[in-house]
Each structure stands twice: as C-alpha cells, then as structure tokens.
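Taking it in order: structure first as structure tokens, then the write-up.
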Ligand SMILES: Nc1nc2c(ncn2[C@@H]2O[C@H](COP(=O)(O)OP(=O)(O)O)[C@@H](O)[C@H]2O)c(=O)[nH]1
Ligand SMILES: [Mg+2]
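In the working numbering, the protein residues as written are 12 to 222.
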C-alpha cells in the first residue's frame with residue numbers, strides 16, 4: 012500500500028498556474044531513501060525510519076516558479092532492482108540512491124539504470140544519481156570516481172551527499188532534478204511544435220503535388 016502525505020508549505024496566489032513534478036526515489040534497502048526524503052521535507056535527520064511506502068508533497072519555489080514536488084519514497088528495489096510499470100508511468104524524474112559503504116547497493120543502481128534506459132517510455136527520463144552517507148568515509152566501498160563515471164556514461168546528474176549531516180546538499184539534489192524535469196518538458200513541447208510544423212508543411216506540399 013502507498014500512503015499519500017500532503018504537506019502544504021506555501022499558500023498559492025490566486026490565478027497562478029501550479030506545475031507538478033513527480034519524483035521517484037529508488038535504490039536498495041537501507042541506502043537512506045527515507046532519510047533523504049525526510050531531510051528535504053523537514054530539514055531534519057531523525058536516525059531511524061519505518062518501512063512505509065509513501066508519496067509526499069511539498070510546494071516549493073524554483074527559479075521564481077511555484078512547483079508542487081511529489082516524492083514517491085519506494086520500498087521496491089531490493090537485490091533485483093525491479094521497478095513497477097506504475098512507478099515508471101508515474102515518474103517525471105528519478106533519484107537513484109546508493110550507499111557509498113555498500114558495493115551491492117551501487118550494483119542495484121547500475122541495474123535500475125539499465126532497466127530505465129531500456130524502457131521505451133522512460134529512456135529519456137531525467138535521472139540524478141545520489142551517493143549517500145558521505146560522512147562514513149572510513150567505511151567507503153565505492154569511490155567518487157566510479158559514481159561520476161556511471162553518471163557520465165548514462166547521462167545522469169550526480170551528487171555525493173550525507174542525509175545525516177546536511178540539508179543543503181539534499182536540497183540541491185531535488186532542485187537539480189526539478190530543473191531537469193522542466194528542461195525535458197520544454198524540449199518535448201518544442202519538439203511537438205516542430206513536428207506540427209513539419210506535418211502542416213508536408214500536408215500543403217503533398218496536396219500541391221497531388222493537384
Ligand atoms: N551515517 C549515515 N547514516 C545514514 C545516512 N542516511 C541514512 N542513514 C541511516 O541508514 C539507515 C537506513 O536509512 P533509511 O532512510 O531508512 O533507508 P531506506 O531503506 O533506503 O529508506 C538508517 O539507520 C539511517 O539513519 C547518512 O547520510 N549517513
Ligand atoms: Mg525507507
């Protein structure tokens with residue numbers, strides 16, 4: 012069961028258009044998905060989190076535009092790294108989280124990226140990879156370079172953060188992804204416009220040739 016939690020942090024002015032961004036958090040168990048979500052929503056790090064799958068909402072202002080950020084803090088993933096069709100359909104952008112101290116979790120991220128890039132609908136969805144728990148340097152099992160390289164080859168954003176230590180790094184992750192979602196939407200819209208023009212031009216010239 013997925014629980015929906017709506018947190019209204021700002022009141023919207025009348026007649027203002029609200030933009031929504033659905034962000035799906037994926038990754039192996041225990042990498043800090045809920046810790047990152049709670050940090051972003053409340054600025055706090057609590058330490059222990061339950062295992063309730065939830066969708067949270069926060070209204071934010073990014074580049075002067077009001078945007079409702081919906082975050083699906085998933086429980087799926089595990090070793091298989093599976094992602095449901097419902098999740099794929101819902102998401103406008105994805106955060107793939109691994110724990111720098113857990114090599115297995117990095118492999119789950121790799122598998123999930125392959126699943127996403129192979130899915131026809133999702134191959135161009137904006138993705139940000141998050142290497143979490145950077146405060147635990149002495150237990151590190153995945154180097155920053157490996158994370159960077161994966162992000163570079165798969166055309167993703169990359170951040171190393173500590174949900175335990177800072178709010179700012181976590182805020183940057185979500186805001187970067189929201190930026191990427193907006194850029195992707197604008198690109199799709201202009202592509203649709205160009206396709207429309209091409210269709211109209213071919214219709215006119217096609218008709219002329221037929222006459
Ligand atoms: N040291 C450290 N521990 C963290 C960090 N983020 C999460 N944790 C801990 O890792 C454990 C799993 O976190 P949780 O958010 O429940 O992981 P999830 O299963 O991916 O949702 C918890 O004990 C958290 O306190 C971090 O940045 N640093
Ligand atoms: Mg969790």
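We put the CB at the ideal spot given by N, CA and C, even for glycine.
In the DSSP assignment, the beta strand (DSSP E) including residue 76 goes from what residue to what residue?
Here residue 76 is taken as the residue at index 65 of the chain shown, counted from 1. Unbroken beta strand (DSSP E) run through residue 76: 76–84.
Which runs of the alpha helix (DSSP H) fall wholly inside the stretch 106–162 and span at least 4 residues, in chain order?
114–129
Nearest-angstrom Cα distance between residue 160 and residue 62?
For this step, residue 160 is matched to residue 149 along the chain shown. For this step, residue 62 is matched to residue 51 along the chain shown. If you take the alpha carbons of residue 160 and residue 62, they lie about 31 Å apart.
Using only Cβ atoms and a threshold of 7 Å, which residues come within that distance of a heavy atom of ligand 2? Order them by chain position.
44, 45, 60, 62, 84, 86
Coil, strand or helix - residue 212 by DSSP
Along the chain shown, one-based indexing puts residue 212 at 201. Looking at residue 212 - three-state DSSP - the assignment turns out to be helix.
Would the C-beta of residue 155 count as close to ligand 3, meaning under 7 Å from any of its heavy atoms?
This structure lacks ligand 3; its bound ligands are ligand 1 and ligand 2.
Where does residue 190 sit, in a helix, a strand or coil, going by DSSP?
Within the chain shown, the letter at position 179 stands for residue 190. Reduced to three states, the DSSP call for residue 190 is helix.
Measure the C-alpha to C-alpha separation of residue 105 and residue 119 and round it to an integer number of angstroms.
The count along the chain shown starts at 1 and reaches residue 105 at position 94. The count along the chain shown starts at 1 and reaches residue 119 at position 108. Rounded to whole angstroms, residue 105 to residue 119 spans 14 Å at the Cα level.
For a test of the three-state rule: what should DSSP assign to residue 174, helix, strand or coil?
Numbered from 1 along the chain shown, position 163 holds the residue referred to as residue 174. Three-state result, residue 174: coil.
With 16 as the cutoff for other CB atoms within 10 Å, does residue 95 come out buried or exposed?
Locating residue 95 in the chain shown gives position 84, where the first residue counts as 1. Counting Cβ neighbours within 10 Å, residue 95 comes out exposed, since fewer than 16 surround it.
What three-state label does DSSP hand residue 69 in the structure shown?
For the purposes of this step, residue 69 is taken as the residue at position 58 of the chain shown. In the structure shown, residue 69 sits in a strand (DSSP, three-state: E or B).
Count the other C-beta atoms from every protein chain shown that fall within 10 angstroms of the C-beta of residue 200, then say buried if there are 16 or more, exposed otherwise.
Here residue 200 refers to the residue found at position 189 when the chain shown is read from its first residue. It counts as exposed.
Measuring from the CB of residue 147, is there a heavy atom of ligand 1 at a distance below 7 Å?
Locating residue 147 in the chain shown gives position 136, where the first residue counts as 1. For ligand 1, at least one heavy atom lies less than 7 Å from the Cβ of residue 147.
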